[in-house]
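In the numbering used here, each residue carries its 1-based index in the sequence shown increased by 27. Quick reminder that beta carbons are idealized off the backbone N, C-alpha and C, glycines included. Note sheet for the following structure.
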Amino acid sequence: MPDLPLTDLTRIETPADFARALTGARVAAGLSIRDAAKLLSRQGPAPVSTSTLGGWFSGSHLPTLKLVNAGMFTDLLRICGETDEERIDLWLDTLRRVRSTPGRRPSSMQSPFRGLAPYEPEHAEFFFGRSALTAELVQLVHNGGSGPVMVIGPSGSGKSSLLRAGLIPALCGTDAVSERCALLTPGTDPMSRLVDAGIIVVDQFEEVFTACEDTDARQRFIDALGVAAADGRTVVIGMRADFYAQALQYPSLRTALQHRQLAVGPMTEDELRQAITGPARRAGLELEPGLVETLLHDLRQRSLSSADTAHEAGVLPLLSHALLATWDQATGRTLTTAHYRSSGGIHGAVAKTAEDAFGALTTDEQRDAARRLFLRLVRTDDGAVHTRRWIGRADWVGDGTDPARRVVLDRFVDARLLTAGTDLVGIAHEALLAAWPRLTDWLDADAAWRRFHRTLASTAEHWQETGRDPDGVFRGATLDTAQEWLTAGTRRRDLDDVERDFIDASLARREADQLRGRRQVRRRQQTIALVAALATLALSVGFYAHQAEAASRHERQVANRIAAEALSRLVAGKADRLRGKDVSLAMQLSLVAYRIAPTAEARSSLLNATALPAAARLPSPAGQVTLAALSGDGRRIVAVADQNTVQTWSANPDGSFAGQPAPIPAGAGTASAVAAAVDGATFVVGAVDGSVLVHSDTRAPRALTGGTERVASLAISPDGRTLASGDAAGILRLWNLADTARTTPMTTITVSDQTVSALAFGPTGGVLAVGGFDATIRLLDVADPRRVTLPPTLPGPTSKVFAVAISPDGHWLAAGTGAQHNAYVWDITDPARPVSGGPP
Numbered sequence: 028m029p030d031l032p033l034t035d036l037t038r039i040e041t042p043a044d045f046a047r048a049l050t051g052a053r054v055a056a057g058l059s060i061r062d063a064a065k066l067l068s069r070q071g072p073a074p075v076s077t078s079t080l081g082g083w084f085s086g087s088h089l090p091t092l093k094l095v096n097a098g099m100f101t102d103l104l105r106i107c108g109e110t111d112e113e114r115i116d117l118w119l120d121t122l123r124r125v126r127s128t129p130g131r132r133p134s135s136m137q138s139p140f141r142g143l144a145p146y147e148p149e150h151a152e153f154f155f156g157r158s159a160l161t162a163e164l165v166q167l168v169h170n171g172g173s174g175p176v177m178v179i180g181p182s183g184s185g186k187s188s189l190l191r192a193g194l195i196p197a198l199c200g201t202d203a204v205s206e207r208c209a210l211l212t213p214g215t216d217p218m219s220r221l222v223d224a225g226i227i228v229v230d231q232f233e234e235v236f237t238a239c240e241d242t243d244a245r246q247r248f249i250d251a252l253g254v255a256a257a258d259g260r261t262v263v264i265g266m267r268a269d270f271y272a273q274a275l276q277y278p279s280l281r282t283a284l285q286h287r288q289l290a291v292g293p294m295t296e297d298e299l300r301q302a303i304t305g306p307a308r309r310a311g312l313e314l315e316p317g318l319v320e321t322l323l324h325d326l327r328q329r330s331l332s333s334a335d336t337a338h339e340a341g342v343l344p345l346l347s348h349a350l351l352a353t354w355d356q357a358t359g360r361t362l363t364t365a366h367y368r369s370s371g372g373i374h375g376a377v378a379k380t381a382e383d384a385f386g387a388l389t390t391d392e393q394r395d396a397a398r399r400l401f402l403r404l405v406r407t408d409d410g411a412v413h414t415r416r417w418i419g420r421a422d423w424v425g426d427g428t429d430p431a432r433r434v435v436l437d438r439f440v441d442a443r444l445l446t447a448g449t450d451l452v453g454i455a456h457e458a459l460l461a462a463w464p465r466l467t468d469w470l471d472a473d474a475a476w477r478r479f480h481r482t483l484a485s486t487a488e489h490w491q492e493t494g495r496d497p498d499g500v501f502r503g504a505t506l507d508t509a510q511e512w513l514t515a516g517t518r519r520r521d522l523d524d525v526e527r528d529f530i531d532a533s534l535a536r537r538e539a540d541q542l543r544g545r546r547q548v549r550r551r552q553q554t555i556a557l558v559a560a561l562a563t564l565a566l567s568v569g570f571y572a573h574q575a576e577a578a579s580r581h582e583r584q585v586a587n588r589i590a591a592e593a594l595s596r597l598v599a600g601k602a603d604r605l606r607g608k609d610v611s612l613a614m615q616l617s618l619v620a621y622r623i624a625p626t627a628e629a630r631s632s633l634l635n636a637t638a639l640p641a642a643a644r645l646p647s648p649a650g651q652v653t654l655a656a657l658s659g660d661g662r663r664i665v666a667v668a669d670q671n672t673v674q675t676w677s678a679n680p681d682g683s684f685a686g687q688p689a690p691i692p693a694g695a696g697t698a699s700a701v702a703a704a705v706d707g708a709t710f711v712v713g714a715v716d717g718s719v720l721v722h723s724d725t726r727a728p729r730a731l732t733g734g735t736e737r738v739a740s741l742a743i744s745p746d747g748r749t750l751a752s753g754d755a756a757g758i759l760r761l762w763n764l765a766d767t768a769r770t771t772p773m774t775t776i777t778v779s780d781q782t783v784s785a786l787a788f789g790p791t792g793g794v795l796a797v798g799g800f801d802a803t804i805r806l807l808d809v810a811d812p813r814r815v816t817l818p819p820t821l822p823g824p825t826s827k828v829f830a831v832a833i834s835p836d837g838h839w840l841a842a843g844t845g846a847q848h849n850a851y852v853w854d855i856t857d858p859a860r861p862v863s864g865g866p867p
């Protein structure tokens, strides 16, 4: 590289450039390095050695801040002929700039940040911020107690990294995982993964309840862990906190949770600093001044916790991914705030990475394959809680005839959003489920199909495990539902090979059953013809006997009665045999038998026929019904169909129901709740955008405003004057339906920190029961809807409340929960002092 002009310091970029320019100034002054050192030593009491100056001039190191602040570098510049003060300031600015630009990092250098993936034992040197918690966990393991050690924390609190990069290296070292220490996740078959080792670490233990559907296998695995701990082996279990209730159902886990539990909570601000700066320092990176403070500020902005915590417990994967994305943005050894902002920040780095990967897909087939892949990698329970699941790599890639599948898998694995081994594929961390809006939209839009697909997958898996038992296939309405799903769009592409074979076998079995049914119909028709012929013969014989011999009429009547009774018994027997196969035909034959002769057999057959319910189907011209409500007087049905339209049916005098001529729109937003007044003349539809639309037989639809979150529950008071609504943000609103000019609520009150899922008025309308997903039930005094206070919660429920009801006499309150499927009852004769009706 040619010598830089002495006057063009702005072109200096590296320490080598700086040293070359400094050497040029020294040579221009006619000085050797030794001469410069002698002259510099005369300027002050702290001489600079010749070797130190040699490093400055050779570029092996730069002047230190201590010597610069002491004026030694400024004295050297003056010795080398740089006496202009502006020129000296330019030299100092250049030194600062070169010092803060360490140069490009090697292309082979690995990031010290793990993104959504946990820190593994081999990454222990980069695992910072949890030293105190690791020491506490090691002490708990070594304290001599019996039973497993439970490590409990919310999703994203850092449990996996604590176990893998904190505990295991502390107990076994980074190279001893396969020798002394076994690390495993349960998966669908936990017993097959359990190995004999002195130290057993089970991560993501919640898979025992989500992925393993065999209750016997689950019990054997939990018992095996208890036996291993009782034998003196170390057993450490990491589990998400929201599965605490399920774990308490097992005695060995309940004991461990009571006596050997470590809670993983949010990091302090000092620990967060260590988690950010520690890996960077160990990897030889520099962080621009202000970057750490920016990260901490963004974490505090996101936190809903107390002032003593610096962040929400579940935000650590987002922080780690933001740091990884910042690393990807930078090309040198310095990570800057600009790099961090370009990555999307803590709030958007995961979403930006996911959208970048999705946006790089070039065809509609690839984008559709991405949607299908992520939907298969998420499991949703009956409480609408999403968890990740693992699928076989071969099940997804298949025989290679669909290249879009491999492209999608490789794209998202390269983006570090998916983890793919030789056998399994899964989402890197459950934080992605909430952080990527597109995935959230997919999950919400596909909820009904995914619930059915979960049932289909489970049944098909059992069918496969039982040797494809012909009696284990879908039948009836379930098969009809499956056929409706699979004939619409590309749903069949969402199935794996076993599931497709299962559906084909179900359809083949139905075709065979229908063929048998047609044969049975022909046999029934022949039976009816025989019965008719016998009846005609009996009547003919009777008529002939009556005309031929009046003297023996009595004997002939007896013979006719005997014949009729025999025929009646024959037809009644035939009806009883058909009742389990064809209810309608059996009813007709029972009536025929009784009309032929009222024998005991015919009477019994007729009574049996009336005991069976005859279902009446009300067709919905608007499509599949998603929501429905029945008026308090039982005379009106209101239903919302999947095209977001409302269909109503009214009772006729004969008890049948007649539908309105055409469906009416439910409102601008997608309907999420519906309720009808006692007389059915008024009904209300709530939507996911928080809007509420009031429909009336006498007035045009009226929109109520006030909320922006999804309306989860609605209830109308018995007098039809007050409407209560609860939304997904835990807010209860009361409207005056009698005041048609007012569209805003009379009262708005926060009753929960989660969804208000159930509402019920008492018979007088002065009491309102409120249930929520936070496992709380409150009994509010709404006699004056404008002055409502928040009472304490009723004791009892420990999981999400899905339904509440008050008895017609107003003396009893009942509530039903989801996770335990329990029902709770309270005596509310005095609403101010409810009395529990006992255990669920």
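Using DSSP with H/G/I as helix, E/B as strand and the rest coil, what is D471? In the sequence shown, counting from the first residue as 1, residue 471 sits at position 444. Correct three-state label for D471: helix.
Which stretch, first to last residue, makes up the alpha helix (DSSP H) that contains W676? For this step, residue 676 is matched to residue 649 along the sequence shown. No alpha helix (DSSP H) contains W676, which is instead part of the beta strand (DSSP E) from T672 to A678.
Could you work out which residue in G180, A209, G174 and V176 is closest to R191 when comparing CA atoms only? Locating residue 191 in the sequence shown gives position 164, counting from the first residue. Among G180, A209, G174 and V176, the Cα nearest to that of R191 is on A209.
State yes or no: is the beta carbon of L764 nearer than 8 Å to at least one beta carbon in chain D? Reference to chain D is not applicable here, since this structure consists of a single protein chain.
Buried or exposed for P32, going by 16 or more other Cβ atoms inside 10 Å? Against the sequence shown, residue 32 aligns to sequence position 5. Only weak support is given to the placement of P32: the predicted model assigns it a pLDDT of 45, under 50, and the value that follows is read from those uncertain coordinates. Exposed, by the Cβ-count rule.
If L345 and A458 are in contact, beta carbons under 8 Å, what's the gap, nearest whole angstrom? The residue you call residue 345 lines up with position 318 of the sequence shown. The residue you call residue 458 lines up with position 431 of the sequence shown. Contact holds; Cβ gap of about 6 Å.
Please check the pair V701 and L654, which I expect to be a contact at CB under 8 Å, by giving their CB distance rounded to whole angstroms. Start at 1 with the first residue of the sequence shown, and residue 701 comes out as number 674. Start at 1 with the first residue of the sequence shown, and residue 654 comes out as number 627. With a Cβ gap of about 5 Å, V701 and L654 count as contacting.
Among L764, W762 and A842, whose alpha-carbon lies nearest the alpha-carbon of S784? Locating residue 784 in the sequence shown gives position 757, counting from the first residue. Nearest option by C-alpha distance: A842.
Own chain residues within Cβ distance below 6 Å of R869, not counting five before or after: There is simply no residue 869 to check, as the chain begins at 28 and stops at 867 in what is shown.
Reference A323, options L299, R308, A442 and A307, closest by Cα: Mapped onto the sequence shown, residue 323 falls at position 296. This sequence places Leu at residue 323; Ala is not what is there. From the listed residues L299, R308, A442 and A307, the smallest Cα separation to L323 is found for L299.
Measuring alpha carbon to alpha carbon, tell me which of T820, V125 and V598 ends up nearest T91. Counted from its first residue, the sequence shown places residue 91 at position 64. Residue V125 is the option with its Cα nearest to T91.
Would you identify the three-state DSSP class for V778, choosing helix, strand or coil? Locating residue 778 in the sequence shown gives position 751, where the first residue counts as 1. Of the three classes helix, strand and coil, the one that applies to V778 here is coil, per DSSP.
Which ranges does the beta strand (DSSP E) cover as unbroken runs of at least 3 residues, wholly within the segment 277-323, from first to last along the chain? 288-290
Give me, in chain order, the residues of the same chain whose beta-carbon lies closer than 7 Å to that of F248; leave out the 5 immediate sequence neighbours on both sides. Residue numbering aside, residue 248 sits at position 221 when the sequence shown is read from its first letter. P213, P217, M218, L221 and V235.
Three-state secondary structure assigned by DSSP to M773: Against the sequence shown, residue 773 aligns to sequence position 746. Coil, per DSSP.
Just to confirm, are L741 and G713 a CB contact at a threshold of 8 Å? Residue mapping note: residue 741 aligns to position 714 of the sequence shown, counting from 1. Residue mapping note: residue 713 aligns to position 686 of the sequence shown, counting from 1. It is a contact, given that the beta carbons lie within the stated cut-off.
Tell me the residue span of the alpha helix (DSSP H) that contains D808. As a working note, residue 808 is residue 781 in the sequence shown. In the DSSP annotation of this structure, D808 is not part of any alpha helix (DSSP H); the continuous beta strand (DSSP E) holding it starts and ends at I804 to D808.
In three-state terms, what does DSSP make of A487? As a working mapping, residue 487 is identified with position 460 in the sequence shown. Looking at A487 - three-state DSSP - the assignment turns out to be helix.
Status (buried if at least 16 other CB within 10 Å, exposed otherwise) for Q166: Walking along the sequence shown from the start, residue 166 turns up at place 139. Exposed is the label assigned to Q166, since fewer than 16 other Cβ atoms lie within 10 Å of its Cβ.
Spatial neighbours of A256 within its chain, please: CB distance less than 6 Å, with the 5 preceding and 5 following residues excluded, ordered by chain position. Within the sequence shown, the letter at position 229 stands for residue 256. Counting only Cβ-Cβ distances below 6 Å, and skipping sequence neighbours, we find G174, P175 and V262.
Close-in-space but distant-in-sequence residues of the same chain around V862 (CB under 7 Å, 5 per side omitted): Within the sequence shown, the letter at position 835 stands for residue 862. Excluding residues up to 5 positions away in sequence, W853 and D854 lie with their Cβ nearer than 7 Å to the Cβ of V862 in the same chain.
So W417 is in the alpha helix (DSSP H); what residue range does that whole segment cover? If you number the sequence shown from 1, residue 417 lands on position 390. Here W417 belongs to no alpha helix (DSSP H), and DSSP marks it neither H nor E.
Output the distance between the C-alpha atoms of A602 and G253, rounded to the nearest integer angstrom. The residue given as residue 602 occupies position 575 in the sequence shown. The residue given as residue 253 occupies position 226 in the sequence shown. Rounded to whole angstroms, A602 to G253 spans 58 Å at the Cα level.
Proximal residues to A203 (C-beta, below 7 Å), its chain only, five neighbours per side dropped: The count along the sequence shown starts at 1 and reaches residue 203 at position 176. Any reading at A203 must be qualified, since the residue scores a pLDDT of 46, below 50, and its modelled position is unreliable; no value is offered.
By DSSP's criteria, P692 is part of a beta bridge. Which residues make up the other side? As a working note, residue 692 is residue 665 in the sequence shown. According to DSSP, P692 bridges with T672.
Own chain, CB closer than 8 Å to T791, minus 5 neighbours either side, in chain order: For the purposes of this step, residue 791 is identified with residue 764 of the sequence shown, where counting begins at 1. Taken in chain order, the residues that qualify are P745 and G837.
Given that a residue counts as buried once 16 or more other Cβ atoms are within 10 Å of its Cβ, and exposed if not, what is I589? Stepping through the sequence shown from its first residue, residue 589 is reached at position 562. That one is exposed.
Should M136 be labelled buried (16 or more other beta-carbon atoms within 10 Å of its own) or exposed? For the purposes of this step, residue 136 is identified with residue 109 of the sequence shown, where counting begins at 1. It is exposed - the Cβ of M136 has fewer than 16 other Cβ atoms within 10 Å.
Helix, strand or coil: how does DSSP classify A56 here? Translated into positions along the sequence shown, residue 56 becomes position 29. Coil, per DSSP.
Taking the beta carbon of A585 as the centre, do at least 16 other beta carbons fall within 10 Å, making it buried, or is it exposed? As a first step, residue 585 must be located in the sequence shown, where it is residue number 558. Checking the sequence shown, residue 585 turns out to be Val, not Ala. That one is exposed.
So for S784, helix, strand or coil by DSSP? Numbered from its first residue, the sequence shown carries residue 784 at position 757. Of the three classes helix, strand and coil, the one that applies to S784 here is strand, per DSSP.
Quick one: Cα of V719 to Cα of V598, how far? By one-based count along the sequence shown, residue 719 stands at place 692. By one-based count along the sequence shown, residue 598 stands at place 571. Cα to Cα, V719 sits roughly 58 Å from V598.
What's the gap between the Cα of T380 and the Cα of H150? For the purposes of this step, residue 380 is taken as residue 353 along the sequence shown, with counting starting at 1. For the purposes of this step, residue 150 is taken as residue 123 along the sequence shown, with counting starting at 1. Answer to the nearest angstrom: the Cα atoms are 23 Å apart.
Using 8 Å for Cβ pairs, my map puts T771 next to G757. What's the rounded Cβ distance? The residue labelled residue 771 in the question sits at position 744 within the sequence shown. The residue labelled residue 757 in the question sits at position 730 within the sequence shown. 19 Å between Cβ atoms; not a contact.
Give me the residue from I227, I226, G142 and H169 with the minimum Cα distance to S188. Within the sequence shown, the letter at position 161 stands for residue 188. Out of I227, I226, G142 and H169, the CA that lies nearest to the CA of S188 is found in G142.
Just to confirm the assignment, what range does the beta strand (DSSP E) spanning A742 have? Residue numbering aside, residue 742 sits at position 715 when the sequence shown is read from its first letter. Run containing A742: V738 to I743, per the beta strand (DSSP E) assignment.
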